[in-house]
Each structure stands twice: as structure tokens, then as C-alpha cells.
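Q: Below: one structure in C-alpha cells.
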Amino acid sequence: MTEKRAALAMVAALTPSGVIGADGGIPWHLPEDMKHFRRVTLGHAVIMGRLTYESIGRPLPKRRNIVVSRRLDLQIEGCEVAPDLERAIALARDSDDEPRIIGGGQLYALALPQATRLYLSYLEQEVAGDVYFPEIDPAQWRESERRQGEGVCWVTLERRPV
Ligand SMILES: NC(=O)c1ccc[n+]([C@@H]2O[C@H](COP(=O)([O-])OP(=O)(O)OC[C@H]3O[C@@H](n4cnc5c(N)ncnc54)[C@H](OP(=O)(O)O)[C@@H]3O)[C@@H](O)[C@H]2O)c1
């Protein structure tokens with residue numbers, strides 16, 4: 004019998020060695036990947052760690068923004084703040100069947116065991132950084148889509164039923 008998990012997607016861009024960030028930001032500028040990010044997140048609830056929120060610096064428009072933080076007094080205009088990942092996901096599911104985890108490294112690592120779909124942008128070039136995407140076990144994932152861009156390959160992975 005296969006176990007049916009509630010849908011949860013993660014969206015991330017990473018280098019060949021898994022770098023996703025450097026010095027509190029993303030160490031590359033790829034307009035085509037920003038379009039891809041917009042396309043896969045628009046209309047969804049997006050869940051992010053407090054540090055990722057700070058690096059973006061504003062709520063993402065046309066998306067429900069949920070920021071995860073242990074700071075109980077944190078208030079951010081245009082965002083909901085959740086004290087842990089579970090409560091963030093529960094809030095998001097009030098309005099969205101497939102919320103998007105949009106980073107950063109801490110949130111990806113926390114959410115990966117529950118994720119059912121990964122939207123990954125694989126950069127071709129290596130870039131130095133200090134935050135990494137968690138290791139993915141290829142046996143648990145099946146590729147459903149692959150699209151080649153300039154210097155980046157967009158891959159969608161679906162979790163295999165257990
Ligand atoms: N390449 C990409 O696709 C991508 C996407 C997003 C972000 N990034 C990059 O990733 C980096 C940021 O990632 P990061 O790992 O440093 O930080 P992060 O995951 O964005 O945020 C970490 C913060 O989330 C909160 N948090 C983490 N675990 C928690 C838990 N169990 N319960 C409650 N709150 C929790 C804490 O906030 P408090 O300290 O407020 O408690 C923590 O400081 C930046 O460089 C950013 O640019 C890259």
C-alpha cells in the first residue's frame with residue numbers, strides 16, 4: 004500500500020556543489036531563473052526562513068508570504084510570521100494545496116523530509132558560497148520535467164511513493 008502525503012513543494016537554485024547562498028544573499032543574477040521562480044510560486048503561499056525574508060527585503064507580491072522565526076515578537080507588514088515550520092505549513096494549507104518552501108538552507112533542510120516535489124534550478128557554473136541545499140537521495144525522487152536554459156537547467160522532481 005502506498006502512503007499519500009500532503010503536497011509540499013520546494014523551489015531552489017543551486018550550483019553543482021549545492022551552494023544556494025553567500026554572505027546573506029544569492030551570489031548570481033539570472034533573470035531567466037527569476038522568471039522561472041515567479042512562474043512556479045505565483046498565487047501560492049511561500050514559506051521562508053527569517054534570513055531569506057531579510058535578504059529579499061519585502062513581501063513577494065501576489066503570493067501569501069509566511070516567514071518562520073523563533074522571535075515571538077516579530078511582525079512584518081505584508082507577511083504572516085510562524086514560530087515553526089509545522090505551523091507555517093498548516094497556515095499555508097488553509098489557502099493552498101501545495102505551498103512552496105522558498106529557502107533558505109535551514110528551511111530546506113527542515114522541510115525536505117516532507118517535500119513531495121522539488122523545483123530545482125541547476126546552475127552549470129560553480130560559485131563560492133556559505134549556505135548549501137541539503138543532500139537529495141536520488142532513489143527517492145523521479146524526474147518529471149527538464150528544461151535547458153542558458154547556464155541553467157530547470158528540473159522538477161517528484162517524490163516516489165513509499
Ligand atoms: N538559491 C536559492 O534558491 C535560495 C533561496 C532562498 C535563500 N537563499 C539564500 O540562503 C541564505 C539564507 O539561508 P539560511 O539557511 O542562512 O537561513 P533561512 O533558512 O532563510 O532562515 C533561518 C532563520 O529561520 C528561522 N528558523 C530556522 N529554523 C527554525 C525553526 N526550527 N523554528 C523556528 N524558526 C526557525 C530562524 O529565524 P530567527 O533567527 O528569526 O529565529 C533562523 O535564523 C541566504 O544566503 C539566501 O540568499 C538561496
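Following the working numbering from start to finish, the sequence shown increments by one per residue and tops out at 165.
Just so you know, even glycine gets a beta-carbon here, dropped at the ideal spot from N, CA and C.
Quick caveat: nothing in here was measured; it's all calculated off a predicted structure.
In or out: Gly154 buried (at least 16 other Cβ within 10 Å) or exposed?
A: Start at 1 with the first residue of the sequence shown, and residue 154 comes out as number 151. Counting Cβ neighbours within 10 Å, Gly154 comes out exposed, since fewer than 16 surround it.
Q: Is Pro137 near ligand 1 - that is, is its Cβ less than 7 Å away from at least one heavy atom of it?
A: Here residue 137 corresponds to residue number 134 of the sequence shown, with the count starting at 1. No, the beta carbon of Pro137 sits no closer than 7 Å to any heavy atom of ligand 1.
Q: Please state the DSSP three-state secondary structure of Val130.
A: Looking up residue 130 in the sequence shown gives position 127. Note: Val130 maps to coil in three-state DSSP.
Q: Check whether the Cβ of Arg13 sits closer than 7 Å to any heavy atom of ligand 1, and report yes or no.
A: Start at 1 with the first residue of the sequence shown, and residue 13 comes out as number 10. First, the residue type needs correcting, since residue 13 is Met and not Arg in the sequence shown. No, the beta carbon of Met13 sits no closer than 7 Å to any heavy atom of ligand 1.
Q: How about the segment 10-20 and the segment 116-124: do they share at least three Cβ pairs that are nearer than 8 Å?
A: Output reads yes: the segment 116-124 touches the segment 10-20.
Q: In three-state DSSP terms, what is Arg162?
A: If you number the sequence shown from 1, residue 162 lands on position 159. In this structure, Arg162 counts as strand in the three-state DSSP scheme.
Q: Measuring only the C-alpha atoms, how far is Leu113 from Leu17?
A: Taking the first residue of the sequence shown as position 1, residue 113 is located at position 110. Taking the first residue of the sequence shown as position 1, residue 17 is located at position 14. The alpha-carbon atoms of Leu113 and Leu17 are separated by roughly 17 Å.
Q: Do you know how far the Cα of Ile59 is from the Cα of Glu49?
A: Against the sequence shown, residue 49 aligns to sequence position 46. Against the sequence shown, residue 59 aligns to sequence position 56. For clarity, residue 49 is Val in the given sequence; the question names Glu instead. If I take the Cα positions, the gap works out to 13 Å.
Q: What are the boundary residues of the alpha helix (DSSP H) that includes Ser58?
A: The residue labelled residue 58 in the question sits at position 55 within the sequence shown. First-last of the alpha helix (DSSP H) with Ser58: 53-59.
Q: Tell me where the alpha helix (DSSP H) around Leu17 begins and ends.
A: For the purposes of this step, residue 17 is taken as the residue at position 14 of the sequence shown. Careful: Leu17 lies outside any alpha helix (DSSP H), inside the beta strand (DSSP E) at 12-17.
Q: Confirm the yes/no value for this check: CB of Thr55, any heavy atom of ligand 1, distance under 7 Å.
A: Numbered from 1 along the sequence shown, position 52 holds the residue referred to as residue 55. Thr55 Cβ: within cutoff of ligand 1.
Q: Where DSSP assigns a beta bridge to Val155, which residues make up the other side?
A: If you number the sequence shown from 1, residue 155 lands on position 152. Val155 pairs with Leu126.
Q: Is Glu83 helix, strand or coil by DSSP?
A: Position 80 of the sequence shown, counting from 1, holds the residue named residue 83. Looking at Glu83 - three-state DSSP - the assignment turns out to be strand.
Q: Suppose you measure from the CA of Leu160 to the CA of Pro141; what does that come to, to the nearest Å?
A: Working through the sequence shown from its first residue, we reach residue 160 at position 157. Working through the sequence shown from its first residue, we reach residue 141 at position 138. Answer to the nearest angstrom: the Cα atoms are 10 Å apart.
Q: Should Leu115 and Val71 be called a contact, given that it needs their Cβ atoms to be closer than 8 Å?
A: Locating residue 115 in the sequence shown gives position 112, where the first residue counts as 1. Locating residue 71 in the sequence shown gives position 68, where the first residue counts as 1. No, these two residues do not count as a Cβ contact at 8 Å.
Q: Check whether the Cβ of Arg73 sits closer than 7 Å to any heavy atom of ligand 1, and report yes or no.
A: If you number the sequence shown from 1, residue 73 lands on position 70. True, at least one ligand heavy atom lies under 7 Å from that Cβ.
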